[in-house]
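Peer 1: The sequence shown stops at residue 1011 when you use my numbering, and every number in between is there.
Each residue gets a CB set at the ideal place from its N, CA and C atoms; glycine is no exception.
Keep in mind it's a predicted model, so treat the numbers as computed, not measured.
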Amino acid sequence: MRIAAQVQLSDGLPWPSISFAILVAALMLSAFVLWRRYLSRQQLLQRIAEFEALSAAGRAIVAAELDLTALCELIATEAEKVIDASTFQTAVFDDNWYRILFWRINGVIQETPRNFNLQERGGMVGWIRESKQPLLVRDFAKEMDKLPAVPRYISETPPRSAIFIPLISGEDVIGIVAAQNQQPKRFNEEDLRRLMILANQAAAAIAHAKLYAKEQNRAAQLELVGKIARQIDSVQEPEEIFEQVVQLVHTIFGFHPVSIFLCDAESGELVMQASSHQQLSEICARIPAGRGLVGTAVLNQTTLISNNIQDDKRFLAQIPTLPLSDISTTRSEIAIPLLANGEVLGILDVQSERLGAFTPAQEATLQTLGAEVAIAIDKTKQLTRQREQAWLSTAQLQIADAIWRSEDLEEMATAVSRLTAMLIGVPFVCLLLWEDEPEQYQLTGLHTEHGSGWLPEPVTISIGSWHALDAVHIGQETITTPQIPGWLHPHLPKGTMRLTLVPMNTAVQTSGILVTTEIKVESSDQIEQHTLQKRHELLNNIARQTAQAIESSQLRIAQQEEAWVNTALLQVAEAVNSLIDLNEILNTIVRLVPMLVGVRSTLILIWDEDRSIFHAGPSYGVNEMGRGLLESLAIDRDELERMMPQTVETSVPTGTSYKLTLPHWLQQAFGTDNAHIFPLHARGELVGMMIVGIDEENGRFISTRRLNILNGIAHQAATAVVNNQLYKESAERGRLAQELDVARNIQSSLIPPGSPHIPGCSVASFWQAARQVSGDFYDFIELPDHKWGIVIADVADKGIPAALFMAMSRTIIRTIAHNRMHPSETLIRVNQIIDSEAQSDLFVTVFYAVLDPQKHTLTYANGGHNPPILLRQNGDIELLRGDGMALGIIPDVTIAESSVRLHHGDTLIFYTDGVTEAMNEDYDEFSMGRLQVTASRFRHRQAENIMHAITHAVNDHAGDTPQFDDITLVVLKMDE
């Protein structure tokens, strides 16, 4: 064994060598362990130093004052202690804006804040905000395709490496810290880790600083709003309010210029009222609506913000008359509409030299301020309106008091002129009153700068003598004219260049024209123009008030005259009704004519049907020689018609008058060469003529009022002739009828037979007066081309007045219907005649239809009457409605015309309101519903059966209740 060992040792290294090797290896291992421990200790010391630096930075950040800009600068300073921060930025997010509050490039601090809109292109910053993740870029050039977003470079020498760390507070990214370098691979994960630790500590501090700044700013803004609101409440003049607002906003917020614009209602422009920019305030700048942010905000009625006006085309870079350099420093602008009750009163325009100056919080505060300003403007406007209304009311009360105290039109005109000159502030006022009969204006109420004027003789102005007056007379609009007639020059102040003419009219008539010198103001600014507008408004109110007073006065006079005329005509009627002998009646009439109308002479010509001549009846105002000539007078119709420019038709109603050219011998008898003739008709036949001689030596003419009186007398004369004829007929039968029976017989004679022969249909009618005479009537008029006119009408009254009005209306309708084939034209013309001829408050509702039996069509027009019922054979019901109004109320009406086709078995039911309004003892009306039900139940019967069924139903419904209204019913049924 020892031998073997020795051999092995002899073949290898000796033991000492091996021991030395082992020792060396052990020493090397110990050295390596010691070196590793040294490195670990150094790393630990470095990490401790790093932690101490980060801890110190955190303590510094936490201990920093809550000034956001200073805090961002401190973050950069502390970051420089742990990484290469020669190019570094600290930024916060403000809505869609990226606001860099500290920025250093290659050791040079840049001007801040710098604002960037992320809506246009978010870039790397936008990605970090959305992802909430940090980003380390070792080399932009090599990693560009792998980056999550394309970076937005601001510098011409973009960085090669960078670190982006989001500042996260809660769930929101409130900002970013970023370190950049122009060398690649300048940053690593350790730099990222260190900056993340610093960023986490900075995020909380920035969040608190932002919150503190926001609350502090909000408190200051609310304090401003409260201060301005308090000052607004203490000021009533809007100019002071505007000046205080712009100066306070400028002082507290530091914005400049701050301006307030008001909307000009007439031009639509925005007029500057106040501005913190002195030159802007002095020039009173005007901006058209839709121009610039200010004009656009008005059109859209919404707040507009431009935080970078260089990129906003809406920004108005230059205000008219103001050089561009004066507002060239503006970088941001906000335009806030001043709204009150849904109306844009103006704009609060605030500008700033800083980009992105207007945050959402500032927008809310300025909008609150704008609301306060709008309320103040609205309050001052309301106060101004109340003052103006009080002034207008006081002025109108003065005018009303003066009018009420006036005893006649002359005194009223003088008082109105004097008060108008005082209230409006003009040196000259006069009134031109319209006279209907001679159709001219008369000057009255003259007031000059020396007081009430005096006219040595009346001044009248005819149409056509003054073109400006003609324009107002026709157009009924106020005008200001340089045309001054010569007769006014002596009364006008020297230097008068223009006159204002204001029509004095009501809904019924033109009373005259109010004339003043032109109303002027000292300047053309908005306040003066508003004052001018109010003075014109007062002038128009005075004209309208005076017109109403004149109309009331004239109406009162007309009512007195009308009452007198009605009384006189009633006396004529009583005299006529109390007499039996025709000559006595006519003698009474001719004696009353000069008394009522003031004509020179009157003659009644009586038509002798057997001899076909006119012979002289009673006369008045004719001299003895003339009377002798008249006693032997015998004139045939042709000779009489040669004296008139028109042919007298037998269908012309009584009351139509003609100008008569008298032969020389009749001029001698009448004592004048001017006369009017009135045909007298009865039962559709000409029974006589009434001739009146007009004495025009005093310049008087036959006025409409006098013609109406003569028409009434002519009706009385015609009625006298008819009554005489009826009396003779009654005498032959052996008894005399009572006066109302005679009237009923007359009216009954006007109602046609109930069943005219109309091909293709059957007709039945029913007419029953509530009293002895009726205001209802119906008529069948045979027209050319085998057509038939069907009329049903109802006068709005009872008794004799309604009967007389009914007779007149029927006669007019029949006359017009023969000349016109269209129902609407017929009713329109009938209305014109009734309105011009009838001198009463009565009116008539009329339904007029033209039936074409061959074509089975019914063309109709409705003048305010109950709509007839069209009952189809199958039971369907249609109402023939119309939009026309009753006839005789106003001179001009519009009446539509309609047509309907009739089929075999169809039934037409014409009725008056006496049918549907028939009441029983419970005051329950028969009604349209019962009428339709009854007619529908018997629709398969003949027209007469349907008529009897309806009248029987009405009588059953009314029972013993006295009939209140006239009942008229016409049933027309097409053959089956």
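Drop a sphere of 10 angstroms on the beta-carbon of Met982, count the other beta-carbons inside from all chains shown, and report buried for 16 or more, exposed for fewer.
Peer 2: Its Cβ being crowded by 16 or more others within 10 Å, Met982 is buried.
Peer 1: How about Leu922 and Tyr895: do their beta carbons lie closer than 7 Å?
Peer 2: No, Cβ-Cβ distance for Leu922 and Tyr895 is not below 7 Å.
Peer 1: Excluding five sequence neighbours on each side, which residues of the same chain lie with their C-beta closer than 7 Å to the C-beta of Trp642?
Peer 2: These residues qualify, in order along the chain: Phe649, Leu721, Val722 and Gly723.
Peer 1: List the endpoints of the continuous alpha helix (DSSP H) containing Met982.
Peer 2: Segment Ala978 to Ala993, the alpha helix (DSSP H) holding Met982.
Peer 1: Report the residue from Gln215, Ser367, Asn223 and Pro372 whose alpha carbon sits nearest the alpha carbon of Gln386.
Peer 2: Of Gln215, Ser367, Asn223 and Pro372, the residue nearest in Cα terms is Ser367.
Peer 1: Once the 5 residues before and after Gly405 are set aside, which same chain residues still bring their CB inside 6 Å of it?
Peer 2: Closer than 6 Å at the Cβ level, and outside the excluded window around Gly405, lie Ile371, Leu373 and Leu383.
Peer 1: Tell me whether Asn901 is buried or exposed, calling it buried when 16 or more other Cβ atoms sit within 10 Å of its Cβ.
Peer 2: So Asn901 ends up on the buried side.
Peer 1: Go ahead and label Ala300 buried or exposed: buried means 16 or more other beta carbons lie within 10 angstroms of its beta carbon, across all protein chains shown.
Peer 2: It counts as exposed.
Peer 1: Quick one: grab the DSSP three-state call for Thr947.
Peer 2: It is coil, neither helix nor strand.
Peer 1: Can you round the beta-carbon distance between Thr969 and Ala993 to whole angstroms, since I take them to be within the 8 Å contact cut?
Peer 2: Wrong, their Cβ atoms sit about 14 Å apart, outside the cutoff.
Peer 1: Among Leu877, Leu862, Gln867 and Asp876, which one has its Cα closest to the Cα of Ala884?
Peer 2: Among Leu877, Leu862, Gln867 and Asp876, the Cα nearest to that of Ala884 is on Leu862.
Peer 1: Once DSSP output is grouped into helix, strand and coil, what is the label at Trp70?
Peer 2: In the structure shown, Trp70 sits in a helix (DSSP, three-state: H, G or I).
Peer 1: On the DSSP bridge list, what partners appear for His650?
Peer 2: Answer is Ile641 and Ala669, bridged to His650.
Peer 1: Please say whether Val798 and Asn866 have beta carbons closer to each other than 7 Å?
Peer 2: Not a contact, by the Cβ cut-off of 7 Å.
Peer 1: Please classify Val1027: does DSSP put it in a helix, a strand, or coil?
Peer 2: The structure shown does not extend to residue 1027, since the chain is modelled only from 36 through 1011, so no value can be given for it.
Peer 1: Straight-line CA distance for Val260 to Ala254?
Peer 2: Distance between the alpha carbons of Val260 and Ala254 is about 10 Å.
Peer 1: From the DSSP output, in three-state form, read off Glu732 for me.
Peer 2: Since pLDDT at Glu732 reaches only 44, below the 50 mark, its modelled position is unreliable, and no value is offered.
Peer 1: With 16 as the cutoff for other CB atoms within 10 Å, does Phe812 come out buried or exposed?
Peer 2: Answer is buried; the Cβ neighbour count reaches 16.
Peer 1: Can you give me the C-alpha to C-alpha distance between Ala804 and Ala953, rounded to a whole angstrom?
Peer 2: Distance between the alpha carbons of Ala804 and Ala953: 13 Å.
Peer 1: Please name the residue, chosen from His482, Ser500, Gly486 and Pro462, that lies closest to Tyr476 on a Cα-to-Cα basis.
Peer 2: When each option's Cα is compared against that of Tyr476, the closest is Ser500.
Peer 1: Does Met179 come within less than 7 Å of chain C when only Cβ atoms are used?
Peer 2: In the structure shown, chain C cannot be found, because there is only a single protein chain.
Peer 1: For Gln124 versus Ala234, is the C-beta distance shorter than 7 Å?
Peer 2: No, these two residues do not count as a Cβ contact at 7 Å.
Peer 1: Quick check on His524: does DSSP put it in helix, strand or coil?
Peer 2: In the structure shown, His524 sits in a helix (DSSP, three-state: H, G or I).
Peer 1: Excluding sequence positions up to five away, which residues of its chain have a Cβ less than 6 Å from the Cβ of Val600?
Peer 2: Contacts found: Ile744.
Peer 1: What's the C-alpha gap between Ser54 and Val68?
Peer 2: Ser54 and Val68: Cα-Cα distance of roughly 21 Å.
Peer 1: Kindly list the residues whose CB is nearer than 7 Å to the CB of Gln889, restricted to its own chain and excluding five residues on each side of it in sequence; keep chain order.
Peer 2: Closer than 7 Å at the Cβ level, and outside the excluded window around Gln889, lie His821.
Peer 1: Determine which residues share a DSSP beta bridge with Asn897 and list them.
Peer 2: Bridge partners of Asn897: Phe882.
Peer 1: State buried or exposed for Val1005, treating a residue as buried only when at least 16 other CB atoms are found within 10 Å of its CB.
Peer 2: Buried, because 16 or more other Cβ atoms sit within 10 Å of the Cβ of Val1005.
Peer 1: Keeping to the same chain, check which residues put their C-beta closer than 8 Å to that of Ile554; ignore five residues upstream and five downstream.
Peer 2: For Ile554, where only same-chain residues beyond five positions count, the Cβ hits under 8 Å are Ile459, Gly460, Val461, Thr535, Leu567, Arg570, His571 and Leu574.
Peer 1: So who's on the other strand from His482, going by DSSP bridges?
Peer 2: Its beta-bridge partners are Val464 and Ser487.
Peer 1: Taking only runs that begin and end inside the region 275–332, name each unbroken alpha helix (DSSP H) of 4 or more residues, in chain order.
Peer 2: 313–318, all fully within the region 275–332.
Peer 1: Tell me, to the nearest whole angstrom, how far the beta carbon of Leu328 is from that of Phe350; I am working on the premise that it is less than 8 Å.
Peer 2: Rounded, the Cβ-Cβ distance is 6 Å, consistent with contact.
Peer 1: Ignoring anything shorter than 3 residues or poking outside the region 392–451, list the beta strand (DSSP E) runs there in chain order.
Peer 2: Listed in chain order, there is nothing to give.
Peer 1: What did DSSP end up calling Ile694 once you bin it into helix, strand or coil?
Peer 2: Looking at the sequence itself, residue 694 is Lys, so the reference to Ile does not match. Lys694 falls in the strand class under three-state DSSP.
Peer 1: Using a threshold of 7 Å, state whether the C-beta atoms of Leu943 and Pro903 are closer than that.
Peer 2: Taking 7 Å as the Cβ cut-off, Leu943 and Pro903 qualify as a contacting pair.
Peer 1: By the DSSP assignment, the alpha helix (DSSP H) with Asp918 in it spans what residues?
Peer 2: Counting along the chain, Asp918 falls outside any alpha helix (DSSP H), and DSSP gives it neither H nor E.
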